[in-house]
Every structure is written in structure tokens, then in C-alpha cells.
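Shown next, in C-alpha cells, is the structure this report addresses.
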Amino acid sequence: MTRTRRTRAAPPRALVATVVVALVLGSALAWFGGADERRVNGACDTWLVERAALRTVLSEAEEAVGRAEAAGDRDVSRHFNDLDRDLASLERWEAVGPGTQSSLSGDGGASRIERGAESAFGYLNSAVTGLHQRLDDGDPTELAQWVPEAGARFQNVDDTCLAAAR
Numbered sequence: 002m003t004r005t006r007r008t009r010a011a012p013p014r015a016l017v018a019t020v021v022v023a024l025v026l027g028s029a030l031a032w033f034g035g036a037d038e039r040r041v042n043g044a045c046d047t048w049l050v051e052r053a054a055l056r057t058v059l060s061e062a063e064e065a066v067g068r069a070e071a072a073g074d075r076d077v078s079r080h081f082n083d084l085d086r087d088l089a090s091l092e093r094w095e096a097v098g099p100g101t102q103s104s105l106s107g108d109g110g111a112s113r114i115e116r117g118a119e120s121a122f123g124y125l126n127s128a129v130t131g132l133h134q135r136l137d138d139g140d141p142t143e144l145a146q147w148v149p150e151a152g153a154r155f156q157n158v159d160d161t162c163l164a165a166a167r
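Residue numbers (this note's numbering): 2 to 167.
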């Protein structure tokens, strides 16, 4: 009895090409499907770089308002520990904040988290601008009224970034 050797037939080229195309398309869809999350994470990374300095501005503003009111002073700027540092912190965010917000899409094609982040960063940008204006004006009453609002907007970005990280 003679044994015949069986050889495997090579897979058809069309099958190999189909598998390769499917893998490439699947990878591309996965990459583009995560683009919203990558943009939000990039915006949150930018926020995290400046977050501590901006929170310090809020704390300093609260303390300066308290000292100005206790002294009966109508100019809060003299009561900051380091007003130049605080103004520089605001100016740094004003330099990167609009670009951070514009990197996000608020249109209907964006994910819910990206639309939320775009909105949160818009509110953050207006909070920083408002805080800067009130520091420049020096009125302790105006600043005292704005600090809690700015703090709430900062917290909104923190919450948005935390949700995006999950």
C-alpha cells in the first residue's frame, strides 16, 4: 500500500486580501471612533497643567477680598499675596484656553462627552476672563460675587474630565 502525501492547498489570494482589508478597516474605525475621547483627554491634560495655579488664584482672591473688606479698602489688589503671579496664571490660561476649547467639537456629530467638554471649557474660559476683569477693576464686592461662580465653573471642568477618564 502506497501512501500519498497530502499537501495543503494555499489559501486563495482573494481570501487573504479580504482578511487584510477587514483588519485595516477595523483598525481605522477603532482609531477614528476614539477621536472624540482623545480630543477630550488632550483638553483635560491642558487643564491639569494649569489647574493648580488657577485654583490658587481663587483662594488668593477670597483671602484678598476678606482682607480688603476688613480694612475697609475699595481696592482689593493691594491685599493679594502675589498679584503678579495670579495675573500671570490667568494670562497663561487665556493664552491656551480658547485653543483648548476650539480643539473640541460642539456640533451634533460629536459624542456627548465631547459636546459637554466643549461647553465646560467655554464656561471656564469666560470664568477666567471674568476673574481677570474683576482683578483689574479691584472692586472687592464684584470679585467676592464672582469667585464662587468661577469656582463652580472650574469644578464643572474637573467633573467633565473625571467623567471622560472613566
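Ideal Cβ placement from N, Cα and C applies to all residues, glycine included.
Spatial neighbours of L91 in its own chain (CB-CB distance under 7 Å, excluding positions within 5 residues in sequence) are listed in chain order as V58, V129, L132, H133.
Taking every protein chain shown into account, the CB of A36 has fewer than 16 other CB atoms within 10 angstroms, so this residue is exposed.
Assignment of alpha helix (DSSP H) within the region 110–161, counting only whole runs of 4 or more residues, yields 113–138 in chain order.
When DSSP states are grouped into helix, strand and coil, P13 belongs to the coil group. Assignment of S90 by DSSP, reduced to helix, strand and coil, places it in the helix class.
The continuous stretches of alpha helix (DSSP H) do not include D76, and DSSP gives it neither H nor E. Here R68 carries a helix assignment [DSSP, helix/strand/coil]. Under the 8 Å Cβ criterion, the region 150–162 counts as touching the region 110–122, having at least three qualifying pairs. One Cα belongs to R135, the other to A89, and the distance between them is close to 15 Å. The residues T57, V58, E61, A62, F81, L136, in chain order, have a CB closer than 8 Å to that of D87 in the same chain once the five nearest residues on each side in sequence are set aside.
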